[in-house]
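Colleague: Below is one structure. I have some questions about it.
Residue numbers (our numbering): 623 to 962.
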């Protein structure tokens, strides 16, 4: 870490983009206005993973996956290709250039909104449209994941395949779990995360359970019929390549309105987060409510008789602004007034 946060020389930008260059990402406790369980001695902490140079959690596994390439692979690669329409390809488009790979091709589906396409084009990504399923089985021979693997076999091309790449898991361990353990230590009793590629929940959850086998790991998926950028729909999480089910104790599906509403509450309190972060808070609220109802909450108290929950902010709301207005009812937004 550069204590003065001054980066100089020809490699200054790459040094700045290196995970950990700014120190640990902050952890903030939610106040009573965002935690209705404070009276039950439940404390909820959010780890702000967007406080990294590229502003999103997926920049960490993107770096780790690029770092996992051999020198010969990097030397012989002119084109990276990945099935993603979000933060992974956004990050890879930038980071790959610093590893000497000039081109990033993002395979996306036709339903990706125009504002997300523009964002990817803004960072220099080349977009390729796949007409396969939106959330394909990562082991199938159909869909964007398979198409990326096939293109990655071409001369001069490479597919990192975030769905099975160990760098994805490693990032969850190194930059989420190890930092959380350093910051909250033995007080932590529940870790919560979305399930997208499952790299974060598996990497972080595995490490935290290795430090304390009693830590409860809770995941959330998208409730069928909803759409939330990043995580997967409830039945699609069974088609992933990372064995998240080995360490996740519970999965709770959440609908889009709940995710965006809780994200909005966090935003208006001063925590600029995206919808997948609100999705986790909605899941935590449902989980704790159920635990109280079932009288199991006390199982997750630490030595201080507190339940300490940590979840992960994945990014900020800016790429999704249009979605908030299309998904949430008008009552959440003040109407414009005309001055006479």
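Glycine included, each C-beta is placed from N, C-alpha and C at the ideal position.
Looking at the structure shown, is residue 790 part of a helix, part of a strand, or coil, going by DSSP?
Modeller: Here residue 790 sits in helix by DSSP.
Colleague: Among 769, 633, 805, whose alpha-carbon lies nearest the alpha-carbon of residue 932?
Modeller: The candidate whose alpha carbon is nearest that of residue 932 is 805.
Colleague: Taking the C-alpha atoms as reference points, what is the distance between residue 744 and residue 693?
Modeller: Going by the C-alpha atoms only, they are around 28 Å apart.
Colleague: Output the distance between the C-alpha atoms of residue 688 and residue 904, rounded to the nearest integer angstrom.
Modeller: In a straight line, the C-alpha of residue 688 is about 33 Å away from that of residue 904.
Colleague: Apart from the five residues on each side of it in sequence, which residues of its chain come closer than 7 Å, Cβ to Cβ, to residue 949?
Modeller: Answer for residue 949: 878, 879, 882, listed in chain order.
Colleague: Report the rounded CA-to-CA distance for residue 961 versus residue 955, giving the unit in angstroms.
Modeller: Their Cα atoms are separated by approximately 19 Å.
Colleague: Starting from residue 841, trace the beta strand (DSSP E) in both directions and tell me its first and last residue.
Modeller: It spans 838-844 - the beta strand (DSSP E) in which residue 841 sits, taken as one unbroken run.
Colleague: Give the C-beta separation of residue 898 and residue 852 to the nearest angstrom, bearing in mind that I take them to be a contact with Cβ-Cβ under 8 Å.
Modeller: Correct: roughly 4 Å between the Cβ atoms.
Colleague: Give me whichever residues DSSP pairs with residue 779 in a beta bridge.
Modeller: Answer is 701, bridged to residue 779.
Colleague: Which complete alpha helix (DSSP H) runs does the stretch 713-768 hold, if anything under 4 residues is left out?
Modeller: The qualifying runs are 736-744.
Colleague: Anyone know if the C-beta pair for residue 874 and residue 822 falls short of 7 Å?
Modeller: Their beta carbons are not under 7 Å apart, which means residue 874 does not touch residue 822 by this criterion.
Colleague: To the nearest angstrom, how far is it from the Cα of residue 957 to the Cα of residue 635?
Modeller: Going by the C-alpha atoms only, they are around 42 Å apart.
Colleague: Count the other CB atoms, across all protein chains shown, that sit within 10 Å of the CB of residue 918; report buried if there are 16 or more and exposed otherwise.
Modeller: The residue is exposed, with fewer than 16 neighbouring Cβ atoms inside 10 Å.
Colleague: Which residues in the same chain as residue 713 place their Cβ atom closer than 7 Å to its Cβ, once the five residues preceding and following it in sequence are excluded?
Modeller: 676, 678, 680, 681, 684.
Colleague: DSSP three-state label for residue 902, please.
Modeller: Looking at residue 902 - three-state DSSP - the assignment turns out to be helix.
Colleague: I need the DSSP call for residue 941, collapsed to helix, strand or coil.
Modeller: Note: residue 941 maps to helix in three-state DSSP.
Colleague: Could you check whether the stretch 784-802 touches the stretch 718-737, counting it as contact only if at least three pairs of C-beta atoms, one from each stretch, sit closer than 8 Å?
Modeller: Short answer: they don't touch.
Colleague: Between which residues of its own chain and residue 809 is the CB-CB distance below 6 Å, once the five residues before and five after are set aside?
Modeller: Answer for residue 809: 924, 930, listed in chain order.
Colleague: Using 7 Å as the threshold, is the C-beta distance between residue 795 and residue 825 below it?
Modeller: Cβ distance < 7 Å, so residue 795 and residue 825 count as in contact.
Colleague: Per DSSP, what are the beta-bridge partners of residue 651 in this structure?
Modeller: For residue 651, which the question treats as bridged, DSSP gives the partners 667.
Colleague: Touching or not, the stretch 647-657 and the stretch 694-712, by the rule of three or more beta carbon pairs under 8 Å?
Modeller: No: fewer than three Cβ pairs fall under 8 Å.
Colleague: For residue 814, which of helix, strand or coil comes out of DSSP?
Modeller: Here residue 814 sits in strand by DSSP.
Colleague: Compare the Cα-Cα distances from residue 889 to each of 943, 702, 735 and report the closest residue.
Modeller: Nearest of 943, 702, 735 to residue 889, Cα basis: 943.
Colleague: In terms of alpha-carbon separation, which member of 816, 935, 926, 735 lies closest to residue 751?
Modeller: That would be 735, whose Cα lies nearest to the Cα of residue 751.
Colleague: Got a sec? Which residues, its chain only, sit under 7 Å from residue 855 by beta carbon, not counting five neighbours each side?
Modeller: So the qualifying residues of the chain are 757, 843, 844, 846.
Colleague: Where does residue 933 fall in DSSP's three states?
Modeller: The answer is strand: DSSP assigns residue 933 an E or B state.
Colleague: What are the start and end residues of the beta strand (DSSP E) that includes residue 959?
Modeller: First-last for residue 959: undefined, no H or E at that position.
Colleague: In terms of alpha-carbon separation, which member of 799, 928, 858 lies closest to residue 934?
Modeller: For the residues 799, 928, 858, the minimum Cα distance to residue 934 belongs to 799.
Colleague: Beta carbon of residue 819, beta carbon of residue 784: below 7 Å?
Modeller: In this structure, residue 784 lies closer than 7 Å to residue 819 by Cβ.
Colleague: Can you check DSSP and say which residues form a bridge with residue 874?
Modeller: Note: residue 874 sits in a beta bridge opposite 842.
Colleague: Assuming the contact rule is C-beta atoms closer than 8 Å, residue 951 and residue 741 should be a hit. Round their C-beta distance to whole Å, please.
Modeller: Not quite, the Cβ-Cβ distance comes to about 26 Å (not below 8 Å), so this is no contact.
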